[in-house]
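Numbering (full-length UniProt numbering), first residue to last: 1 to 180. Only one structure is covered here, and it is reproduced in the block below.
As structure tokens, then:
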């Protein structure tokens with residue numbers, strides 16, 4: 001059974017809050033690069049960049065792109081094969097504040113891979129992490145700086161993020177578990 005835990009309105013509010021927190025943390029939008037991790041992280045990164053542009057309309061354009069981590073994963077032999085996406089880093093990230101964006105933070109392995117991939121593109125001043133959902137169960141010492149919603153879950157449960165651009169509808173649900 002699937003239970004909806006975030007509606008479209010909840011997602012919008014969470015991304016707006018994350019956008020404000022990013023601006024406060026960075027003291028504005030200067031030298032900010034937002035990189036989404038495919039697939040849904042890219043959509044969320046674009047939305048965050050658009051929200052920042054609405055909050056700070058006179059500020060310089062926020063650079064947004066994508067960072068594919070497929071070939072940097074340490075669990076390739078344990079997961080289904082995925083065709084790598086194209087990484088699109090908008091200009092130099094040397095000395096920039098880079099915010100990595102993903103939909104769900106779970107074990108931390110995807111983010112570790114993203115940090116490895118990011119190193120091939122330059123040397124940022126600082127790297128931050130924004131996620132729509134943090135579900136816990138870390139296997140690596142990784143923590144998100146900006147979290148839309150903490151959703152404690154069991155390892156038997158699955159968090160599903162649906163976004164209009166990728167799925168045709170918009171919500172976050174949780175399914176599975178012992179009582180299913």
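Note that CB positions come from ideal geometry on N, CA and C, so glycine has one too. Bear in mind that the values here come from a model prediction, so they are computed numbers and not experimental data.
Self-check item: Separation of residue 95 from residue 136, as counted between CA atoms
Solution: 31 Å
Quiz item: Hey, which unbroken runs of the beta strand (DSSP E) at 3 residues or more fall wholly within the UniProt domain "Phosphoribosyltransferase" (10-147)?
Solution: 32-36, 63-66, 97-105, 126-134
Quiz item: At what residues does the alpha helix (DSSP H) containing residue 170 begin and finish?
Solution: Neither: residue 170 is in no alpha helix (DSSP H) and is coded neither H nor E.
Self-check item: Cα-Cα separation between residue 51 and residue 92, rounded to whole angstroms
Solution: 22 Å
Exercise. Under the assumption that residue 134 contacts residue 25 (Cβ atoms under 8 Å), give the Cβ distance between them as a whole number of angstroms.
Key: Between residue 25 and residue 134 the Cβ distance is about 17 Å, and since that is not below 8 Å, they are no contact.
Quiz item: Hey, residue 158 and residue 175 are a contact pair by Cβ (cut 8 Å); roughly how many whole angstroms apart?
Solution: 5 Å
Exercise. State yes or no: is the C-beta of residue 98 within less than 7 Å of the C-beta of residue 33?
Key: yes
Exercise. Identify whether residue 157 lies in helix, strand or coil by the three-state DSSP scheme.
Key: strand
Quiz item: If you check the beta carbons only, do residue 36 and residue 101 fall under 7 Å apart?
Solution: yes
Quiz prompt | residue 15 vs residue 47 beta-carbon contact at 7 Å | solution = yes
Quiz item: Between which two residues does the beta strand (DSSP E) containing residue 6 stretch?
Solution: 2-6
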